[in-house]
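The structure under discussion appears below in the form of structure tokens.
Residue numbers (UniProt numbering), protein chains in the order written: chain H, 1 to 151; chain C, 1 to 1210.
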């Protein structure tokens, strides 16, 4: 395996030195491109109080291509499916090399605050969110309590 | 400021802008790799990471975008303000890495010699580090070897000491022995002279007394006659007649009385058995220390080789030490190397860290920790230390090792380049480090260090060489103790070796005429220029040739003076000797003059020989003896004949009488009774004394039945008993017999003419005495005969055996003489009886005269005695089956037999024997005992003529050429016996005349080369010129098929034996390749084989197979039946570890290449261990993986030293 690009090293160092509030990203001991990420549920959101585990992997051609991010903790969110895949534009076509790990994670945190049921990934959730937002929010809170709070 | 920073940072690479390019959207990015990576090649667009604006890429690519000059200025400005170093990669262009193909700033890598990117390079360095540590581990493991060798050296030191001590002791012992022998002999000689003087004086006195007595008797007789032979006295006629007769006899006696001048001027002469000078020479060089070998060994190549080896060891050690040092400071200045740490391997000693790198104390401190060759360490350390210092100055270093420098420079430079801003000092240190790192693997540096060593540390070399030499010496000396015992053993063996031919010769000559024997013996004598002396030395080892045994025996009775069995034995021996001589004489004399009665007897005697001889063979333990006894036997017949001639010479009257007498006597079986009867016929006057004497004689014969001089002649039965016992006598007879034969023509004349004088003094004395006695008796009627008889046994007290002999026979002679003279006195009694003893007397006379003659010819009796006595003891030892080893024993046995003469001679004889055998060089055993020293070695690794790559099989071709299977060069090479390349043939392939890793080679009787073509699973045969003749076999397990055939050999009939290694069997083929048979199957039982490797056939058609994985040698007959097996797994003497090559010499000695133990072992033909030599290593006489072995006709052992790619010749 080729050595880590300087950018990744720099980003990692910065993540350690200036952590983003509510977000922790720690590189794996065995693979510097693999990060264990924990994102706290944003305030005033159904996910408040939950600690959501994610995994983030920087592909070989990072930063020219987007990092791969996935929720490990189950979450009730219209843009996140049951497998934890995230529907977020900057992780897809809107990716820009100017973005960084921290910006990606901030975007994800923001996504938690502002679900976008119009561009759904989990259709059932998005449906419920659109039809009965309160119940959806209740479900989200329930899930958060069930999956993101105990451990 | 932070914002300022971020403005100068490319948002893609998050680094400072490098060559910022401005997009139309006014965002700037580094040209490489950031802007490059943004390019959408499909759409030929670049999408701004910041604003996602899409821009067409200019025709010439992203370089076409304008450079953001403002930003660049800002960057420069910032750099100036912040004091940052300029970007080291600023001027560089990115290239594709030659390893990972990524685009990056590439630099040449010393490891792979390519331009590679940083990452790959560091990976390579990692690999190197791992390799170094692996090699280091290997070295650590290998260190044991040095320790082992150290142990061996210490052990050898002790061995050497004990060995030298033992040798010194041996020398002391020999010295004691020699001194004792010399002293004993001197004392003995002195005593002998004294005793002789005393005896002679007594005899002379006796003689004088007797003469006086006789004188007075006769005078008184005369006076009486004068007084009474007148008319005054009345005489009866008969009285007068008697008186006249008496007086007539007296007259006759006076007339016959001879004055034997020889008897009255005796003289003792001292004659050395050996030339004194030679003796002194022998003593002066009675032994030597065989230490030349180790000297030559160690002083030559070995030493140098050892030096270089040890040098390399030291270098490694020192280099690593340096590395540790380097590591020390490197860790202090940690950041220089970034991630690459040497410290990962093992932490250097803390004090090293703290110390200054440049401090010499440091090295000397280390050096003091290491005992051996410390100054070398220092020199090297100091040297390399200097080297390091000079490194920083760049100039001196260049002079040291330019090429290395260059290489290093490359690395260093690129390192610097990629490292970015580094302080000058740090860079230099790093360079040093690299230098150090590289140095263990750089030949140049090693050369430099070696060079230095040569220059600076001569003393060091000396020390090492001394060490080596000591080592070698010890090794060689370890062989020394083997040699020491070997010497006696060799002696022994020469004795044994020399023995067989003699009996064989004797046996063959036995059947032939006496002349042939004589000629043989003459030949033998010719071998020895100075007849007496060398004869004894050369003959000594062989029992058959030694005349001696009878000597000590003869002397023994002299002390005992009784008719013990010993004395009787000696008596018989004498008879034997006499008889044989008499026989010879008879033979010659009978052939020379006109036919006399004697000739008849001799033939009769020969007839008689036959049964006697057969008896002798039947009864005698030793054929040789029996032969001699047999040859002795005939004498009874000729013996009586013999006197005839003598008599004819001495007195004409008696001659006819005695001839007639003897004529009758042998025919009529003589017995004591008849003697007695005959005697009874003697005139009354003498009858009594005669009878008395006769009784005495008969008493003697009764006491020792076998001994009686008469009886021996009479019955072969009586002789049978003593026969085996008297081998000594027989040998004496042999000796004497041989001489007479040569001297025959003159001697027979001499004998007869000289008779009175040449005859033994004692005989003469006896005769005289007897005559006197007779006259006495005739006059006085005393029992003079009794006196004589009493005297007889006493007479042997004279030390000289011949004298004793003479005396003994003299007694007989005396009797006969007396009786004869009696008969002459008593005229009527001229019958057989007085005459009958005559032959015996004549025999005695003959012998003694012979003895005399020999003595006169070859020296005094002392001389005569010595050889006989020594050889007697020797032969007796041999006959007793005792080892002939120690002179002490000899001396003691000689002492037993009152003969100390043996001891001083025996060493000489031994040395002579040794010398003789050495000259002959025909004893393979001793030859093998000396094996160890490399004569020369051939070849080194390579594929040129004379070089080898894993030589395996080896064989000896015609003219002692060496034929080597140069396995991995797929060819056969032929060298002459001096190791000069003669020719080669074969190449890689599977066609005719091509090989694939051939293994075994053999050369048959007609010079054809037979090759086991291993990977082609076939046997190929080539003509003596190396041209392909035929091939047979293919892979398989059936008959005539092979699975990796290995060793190969042929026997005298041309059968080809192949070790079919993976089939665990031996196959036998006719020379044309026809399958004949096979034997062996997989297993470890007797007759089973596991990976048989090599094979050899002895001249006795024993097939030896190195049963490699069973760690043994098995011996088969040609039909594949197991005869024996020897060896087992182990490294002791006679044990094997994967024995490979096996060879057998024409004597049947077996040579085995004990591959796992890296030594050559030699075995007796019966498989008993003889010796071993060799050890692991690449020096002379050292092996790494032995393969085939062969023995040349000269006894040289040639062996393939596989891993050293050479052939060694011992």
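Think of the CB as a built atom: it goes at the ideal place given N, C-alpha and C, for glycine as much as any other residue.
| Item | Value |
| --- | --- |
| Out of C:106, C:247 and C:1052, point me to the one whose CA is closest to residue 226 of chain C's CA. | C:247 |
| With 7 angstroms as the threshold, decide whether the Cβ of residue 50 of chain C is near any Cβ in chain H. | yes |
| Mapping the DSSP letters down to three states, classify residue 9 of chain C as helix, strand or coil. | strand |
| Between the Cα of residue 950 of chain C and the Cα atoms of C:165, C:180 and C:1187, which residue gives the shortest distance? | C:1187 |
| Could you check how far apart the C-beta atoms of residue 22 of chain C and residue 74 of chain C are, in whole angstroms? I think they sit under 8 angstroms. | With 8 angstroms as the limit, residue 22 of chain C and residue 74 of chain C do not qualify as a contact, their Cβ atoms being about 13 angstroms apart. |
| Quick one, which of H:15, H:72 and H:110 has its alpha-carbon nearest residue 24 of chain H's? | H:15 |
| Per the contact definition of three or more C-beta pairs closer than 8 angstroms, is the stretch 128 to 148 of chain H in contact with the stretch 50 to 64 of chain H? | yes |
| Provide the residue span of the alpha helix (DSSP H) that contains residue 82 of chain H, from first to last. | Per DSSP, residue 82 of chain H belongs to no alpha helix (DSSP H) and is neither H nor E. |
| Quick check on residue 151 of chain C: does DSSP put it in helix, strand or coil? | helix |
| Where do the ends of the alpha helix (DSSP H) carrying residue 60 of chain H lie? | Unbroken run through residue 60 of chain H: none, as it is neither H nor E. |
| Grouping DSSP H, G and I as helix and E and B as strand, with all else coil, what is residue 195 of chain C? | helix |
| Using a cut-off of 8 angstroms between C-beta atoms, extract the partners of residue 38 of chain C located in chain H. | 64 and 97 |
| What does residue 130 of chain H reach in chain C if we use C-beta pairs closer than 9 angstroms? | Those do not exist, as residue 130 of chain H stays about 29 angstroms from chain C at its closest Cβ, beyond 9 angstroms. |
| Chain H beta carbons: is any one of them nearer than 7 angstroms to that of residue 30 of chain C? | no |
| Quick one: list the residues of chain H neighbouring residue 13 of chain C, beta-carbon separation under 9 angstroms, in chain order. | 5, 6, 7, 10, 63 and 97 |
| Just to make sure I have the definition right: I need the residues of chain H whose C-beta is within less than 8 angstroms of the C-beta of residue 34 of chain C. Which are they? | 97 |
| Who pairs with residue 1129 of chain C in a beta bridge, going by DSSP? | C:1136 |
| Where DSSP assigns a beta bridge to residue 1176 of chain C, which residues make up the other side? | C:1183 |
| Only counting the same chain, and skipping five residues up and downstream in sequence, which positions put a Cβ closer than 6 angstroms to that of residue 1209 of chain C? | 935, 936, 1196 and 1198 |
| Whole angstroms are fine: how far does the CA of residue 147 of chain C sit from the CA of residue 19 of chain H? | 59 angstroms |
| Assuming residue 933 of chain C and residue 1174 of chain C make a contact with CB atoms under 8 angstroms, what is their CB distance in whole Å? | With a Cβ gap of about 11 angstroms, residue 933 of chain C and residue 1174 of chain C do not count as contacting. |
| What do you get for residue 995 of chain C, buried or exposed, if any count of 16 or more other CB atoms within 10 angstroms of its CB means buried? | buried |
| Any chance the CB of residue 18 of chain H is under 6 angstroms from a heavy atom of the ligand COA? | Ligands are entirely absent from the displayed structure, and the ligand COA is therefore not among its contents. |
| Do you know how far the Cα of residue 200 of chain C is from the Cα of residue 235 of chain C? | 45 angstroms |
| Okay, do the stretch 71 to 81 of chain H and the stretch 109 to 125 of chain H touch, 3+ Cβ pairs below 8 angstroms being the bar? | yes |
| Taking only beta-carbon atoms, is residue 1019 of chain C less than 7 angstroms away from chain H? | no |
| Do the CB positions of residue 49 of chain C and residue 96 of chain H come within less than 7 angstroms of each other? | yes |
| Report the three-state DSSP secondary structure of residue 106 of chain C (helix, strand or coil). | strand |
| Output the distance between the C-alpha atoms of residue 91 of chain H and residue 69 of chain C, rounded to the nearest integer angstrom. | 33 angstroms |
| Alpha carbon to alpha carbon, how far is residue 808 of chain C from residue 203 of chain C? | Residue confidence is low: residue 808 of chain C scores 43 on pLDDT, short of 50, so the model does not pin down where it sits. Its coordinate-derived value is still stated next. Distance between the alpha carbons of residue 808 of chain C and residue 203 of chain C is about 15 angstroms. |
| Residue range of the beta strand (DSSP E) that residue 1106 of chain C falls in? | 1102 to 1107 |
| Three Cβ pairs or more, each shorter than 8 angstroms: is that satisfied between the stretch 1051 to 1063 of chain C and the stretch 1145 to 1160 of chain C? | no |
| Assess, as a yes-or-no matter, whether the stretch 1004 to 1016 of chain C is touched by the stretch 1042 to 1049 of chain C under the definition of 3 or more beta carbon pairs within less than 8 angstroms. | yes |
| Can you grab the Cα-Cα spacing for the pair residue 1251 of chain C / residue 181 of chain C, in whole Å? | There is no way to answer for residue 1251 of chain C, as the model of chain C reaches only from 1 to 1210. |
| With DSSP as the reference, label residue 18 of chain H as helix, strand or coil. | coil |
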